[in-house]
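Engineer: Position one of the sequence shown corresponds to residue 23 (the numbering used here), numbered consecutively onward. First the structure, which I've put down as structure tokens, then a few questions once you've had a look.
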Amino acid sequence: MTKTANDTAPRGKRSRNLRLVLMAVAVPAVLAGCDDDPSGKILTSREECTVQTEVSREECDKAYSQALVEHEKLAPRFESEQECNQQFGACQPLAGQSAAAHPTYIPPMTGFLIGYAVSQAMGGGGGYYRVGGVSPLYRDYRSGGYLKPDGREVSTYSGTVYGKKAGDTALPARAVTVSRAGFGSSAAARGGFGRSSSSSSSSRSFGRGG
Numbered sequence: 023m024t025k026t027a028n029d030t031a032p033r034g035k036r037s038r039n040l041r042l043v044l045m046a047v048a049v050p051a052v053l054a055g056c057d058d059d060p061s062g063k064i065l066t067s068r069e070e071c072t073v074q075t076e077v078s079r080e081e082c083d084k085a086y087s088q089a090l091v092e093h094e095k096l097a098p099r100f101e102s103e104q105e106c107n108q109q110f111g112a113c114q115p116l117a118g119q120s121a122a123a124h125p126t127y128i129p130p131m132t133g134f135l136i137g138y139a140v141s142q143a144m145g146g147g148g149g150y151y152r153v154g155g156v157s158p159l160y161r162d163y164r165s166g167g168y169l170k171p172d173g174r175e176v177s178t179y180s181g182t183v184y185g186k187k188a189g190d191t192a193l194p195a196r197a198v199t200v201s202r203a204g205f206g207s208s209a210a211a212r213g214g215f216g217r218s219s220s221s222s223s224s225s226r227s228f229g230r231g232g
């Protein structure tokens, strides 16, 4: 039987080489994470920061405050108060509008998503996850889903979410104005609110095109 170079190497060197190979395989897998690993958490109020245990209370409070800032900038704009209320309820006029302008309405922020920065295997110190990003969320009364400012549905329930897409806190560059015409379909918005990834999928339900 022919011996390889590794077979003739000293035992200590072979052990080191083996450890290096195992580390090279394991590190990308840990960094990539798994769809079964928690990727974030949906909270419905600031008060829930006191009972959740995934991130520190201080980081949770900061995440809530940041979500409010993003909500004020990126909450979807509706041209009709009625249509806004039909989907979200308790819609309010957008602050700072000119009295002469046609009023625009926005839904209330009914939750916020904390995205975890790393996989479960690489959690931060103190047993906490590190916050990777934050997004305001809007509860769709029709589907029960929590939607991001661009219309993508994160989940139909609050609490821990799984998978990269669910924990994705990427935000649109600007707020989206929802058109009256065809509201409730993927063609409902100018700028992508609830739009599917394919322009031919116009029959898909609003907020389901994530």
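Just so you know, even glycine gets a beta-carbon here, dropped at the ideal spot from N, CA and C.
Once the 5 residues before and after GLU70 are set aside, which same chain residues still bring their CB inside 6 Å of it?
Structural biologist: Once the five neighbours on either side are set aside, GLU70 has no close Cβ partner at all.
Engineer: Which two residues bound the contiguous beta strand (DSSP E) that contains LYS63?
Structural biologist: Run containing LYS63: 60-65, per the beta strand (DSSP E) assignment.
Engineer: Provide the residue(s) that pair with GLU175 in DSSP beta bridges, ordered along the chain.
Structural biologist: According to DSSP, which records beta bridges pairwise, GLU175 is partnered with LEU169.
Engineer: Specify the secondary structure class of GLN74 as computed by DSSP and reduced to three states.
Structural biologist: Three-state result, GLN74: coil.
Engineer: Beta carbon of THR178, beta carbon of GLY166: below 8 Å?
Structural biologist: Closer than 8 Å, so yes.
Engineer: Return the chain-ordered list of same chain residues with a C-beta closer than 6 Å to the C-beta of GLY155, the five sequence neighbours on each side being excluded.
Structural biologist: For GLY155, where only same-chain residues beyond five positions count, the Cβ hits under 6 Å are GLY137, THR191.
Engineer: In terms of alpha-carbon separation, which member of LEU135, GLU101, THR72, SER201 lies closest to GLU175?
Structural biologist: Measuring from the Cα of GLU175, the nearest candidate turns out to be LEU135.
Engineer: What does the alpha-carbon distance come out to for the pair ALA48 and PRO171?
Structural biologist: Because ALA48 carries a pLDDT of 44, less than 50, the predicted location of this residue cannot be relied on, and the following value inherits that uncertainty. Distance between the alpha carbons of ALA48 and PRO171 is about 36 Å.
Engineer: Name the two residues that bound the continuous alpha helix (DSSP H) containing VAL91.
Structural biologist: 79-96 is the extent of the alpha helix (DSSP H) around VAL91.
Engineer: So, using beta-carbon positions, are MET131 and LEU96 closer together than 8 Å?
Structural biologist: No, they are not a contact pair.
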